[in-house]
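Residue 169 is where the sequence shown starts when you use our numbering, and the numbers rise one by one after that. Beneath this line is the structure, given in structure tokens, with notes to follow.
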Amino acid sequence: MRIGIPREIKAREGRVALVPAACAELVRAGHEVRVQPGAGLASGYADAAYAAVGAHIVADAPTLYAESTLIVKVKEPVADDLPHLRADHRLFCFLHLAAERELAVRLRDIGLTALAFETLRDGGGLPLLAPMSEIAGKLSVQVGTHLLHQPMGGRGLLLGGLAGAERGHVVVIGAGVAGGAAAGVAAALGARVTVFDLLRERLSAMRALAPSVSGLHPYVDAMAEAVADADLLIGAVLVPGRHAPRLVTRETVRGMRPGSVIADISVDQGGCIETTRPTSYDAPTYVDEGVQHFCVTNMPGGVPRSSTQALSAALLPYVLRLAGPEWERDAALMEAVNLCAGRYVHPAIRAEFEGGDLAGP
Ligand SMILES: NC(=O)c1ccc[n+]([C@@H]2O[C@H](COP(=O)([O-])OP(=O)(O)OC[C@H]3O[C@@H](n4cnc5c(N)ncnc54)[C@H](O)[C@@H]3O)[C@@H](O)[C@H]2O)c1
């Protein structure tokens, strides 16, 4: 199989799909690997490191796409990527189509096979989303503590508090991988943490993190009350493949204290807070209803060295399977197929775009 690894061109995206050591394994398995110049640089992997393991460094993006069949990248294609894609390409990357309707239509019209990292399900989990969610969860608290500083426009609160001063309150909606990581970091800092989730076992896991963490059912009134008291609100719900359910209204955000902070990690699936709108690392924050919002759609792209290493390790086994002749008999990979030959094929994507019985935003 001819495998192409492009350089990411989304704003300030520093990740690359596979590190040189992963490419070495693909070459050893008999595949041809092509890499666009500079693809790994922001993650600390020079072209020479890819060349040293037998990957071909091609001249530019048009050559890479022209000479490859399987395209393995990190983020969804942006406008300048799209002209390179063809019907015979197999595209494997994050897609988040529920929040990217225009992109979904473009990919459908190109007629290629598109597999989304975020819907690949294996052993009940989402193994390609999980490492990125863990990073985004940890970052949401790191960024949130910084935005609470008064010179950053925050209310001037040390999230963990100290003797003689109150602790900050972190509210997390969704106790999965991202929400769990956020709750863990917030608790370790010493904050008071309230986490909401529909699943009792996730709430138990949150309670087990530290005595300062409460795990609660997301009753509308209980959530509104907690959010009004939050110094840092973190959105981390997921209904795989679907637009995130909107769980916090504008009116509830209006009730938060001025200078509080919202980090909506679920923005890549459209966001679970009414005031959420997607941002990039070029201009990551905005103020709405007196509350600072951080809604970057590619949060792990800000720590590319760590993100690339974690993503590449998770990705390699699936790239090996996808490059093989039996891939259409692979249940995990079939869960990842969102589009094929001009049709939406994933049930959640079909429900999102063609109507269905799953709950919408
Ligand atoms: N912005 C970024 O850069 C970035 C990076 C990584 C992940 N993400 C996103 O973060 C989100 C969370 O991902 P994850 O891997 O943690 O998902 P996950 O499946 O591990 O967790 C999601 C949790 O949401 C809960 N949930 C679903 N509906 C709910 C509701 N109505 N009320 C309360 N809880 C509800 C689920 O029970 C689950 O525990 C996803 O949208 C993912 O795409 C964003």
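Idealized CB from N, CA, C, for every residue including glycine.
Cα-Cα separation between residue i and residue j, rounded to whole angstroms
{"i": "residue 424", "j": "residue 397", "result": "7 Å"}
{"i": "residue 510", "j": "residue 283", "result": "13 Å"}
{"i": "residue 207", "j": "residue 339", "result": "37 Å"}
{"i": "residue 276", "j": "residue 288", "result": "19 Å"}
{"i": "residue 472", "j": "residue 178", "result": "13 Å"}
{"i": "residue 526", "j": "residue 512", "result": "Because residue 526 sits at a pLDDT of 39, beneath the cut-off of 50, its placement in the model cannot be relied upon, and the following sentence gives the value as read from the coordinates. The straight-line gap from Cα to Cα measures roughly 16 Å."}
{"i": "residue 507", "j": "residue 246", "result": "17 Å"}
{"i": "residue 195", "j": "residue 394", "result": "53 Å"}
{"i": "residue 488", "j": "residue 280", "result": "20 Å"}
{"i": "residue 333", "j": "residue 313", "result": "16 Å"}
{"i": "residue 529", "j": "residue 439", "result": "Only weak support exists for where residue 529 lies, its pLDDT of 35 falling under 50; the value from the coordinates is given anyway. C-alpha separation (whole angstroms): 9 Å."}
{"i": "residue 408", "j": "residue 331", "result": "42 Å"}
{"i": "residue 410", "j": "residue 380", "result": "32 Å"}
{"i": "residue 520", "j": "residue 366", "result": "22 Å"}
{"i": "residue 169", "j": "residue 197", "result": "10 Å"}
Ligand 1 heavy atom lying under 7 Å from the CB of residue i
{"i": "residue 300", "result": "yes"}
{"i": "residue 318", "result": "no"}
{"i": "residue 364", "result": "yes"}
{"i": "residue 312", "result": "no"}
{"i": "residue 192", "result": "no"}
{"i": "residue 434", "result": "yes"}
{"i": "residue 174", "result": "no"}
{"i": "residue 369", "result": "no"}
{"i": "residue 467", "result": "yes"}
{"i": "residue 392", "result": "no"}
{"i": "residue 472", "result": "no"}
{"i": "residue 286", "result": "yes"}
{"i": "residue 344", "result": "yes"}
Beta-carbon spacing of residue i, residue j below 8 Å
{"i": "residue 352", "j": "residue 325", "result": "no"}
{"i": "residue 446", "j": "residue 435", "result": "yes"}
{"i": "residue 218", "j": "residue 203", "result": "yes"}
{"i": "residue 172", "j": "residue 469", "result": "no"}
{"i": "residue 442", "j": "residue 465", "result": "no"}
{"i": "residue 238", "j": "residue 258", "result": "yes"}
{"i": "residue 430", "j": "residue 459", "result": "yes"}
{"i": "residue 180", "j": "residue 450", "result": "yes"}
{"i": "residue 384", "j": "residue 362", "result": "yes"}
{"i": "residue 350", "j": "residue 382", "result": "no"}
Chain B contact for residue i (CB, 8 Å cutoff)
{"i": "residue 337", "result": "The question asks about chain B, but that chain is absent: this structure has only one protein chain."}
Can you find at least 3 beta carbon pairs, one from the segment 345-365 and one from the segment 398-409, that sit closer than 8 Å? yes
Assess, as a yes-or-no matter, whether the segment 211-220 is touched by the segment 502-519 under the definition of 3 or more beta carbon pairs within less than 8 Å. no
Does the segment 183-191 come close enough to the segment 464-480 that 3 or more CB-CB pairs lie under 8 Å? yes
Which runs of the alpha helix (DSSP H) at least 4 residues long sit entirely within the segment 249-325? Give them in chain order. 269-278 and 297-315
Using 8 Å as the cut-off, can you tell me whether the segment 306-321 makes contact with the segment 286-296, which would need three or more C-beta pairs spanning the two stretches below that distance? no
For the segment 260-279 against the segment 384-392, do three or more pairs of beta-carbon atoms, one drawn from each stretch, fall closer than 8 Å, so that the two count as touching? no
Runs of 3 residues minimum, wholly inside the segment 402-468: which ones carry the beta strand (DSSP E) assignment? 429-432, 453-456 and 459-462
At 4 residues or longer, and completely inside the segment 212-245: list those alpha helix (DSSP H) runs for me, N to C. 215-220 and 229-234
Can you check the segment 346-395 for any alpha helix (DSSP H) of at least 4 residues that lies completely inside it and give the ranges in chain order? 368-375
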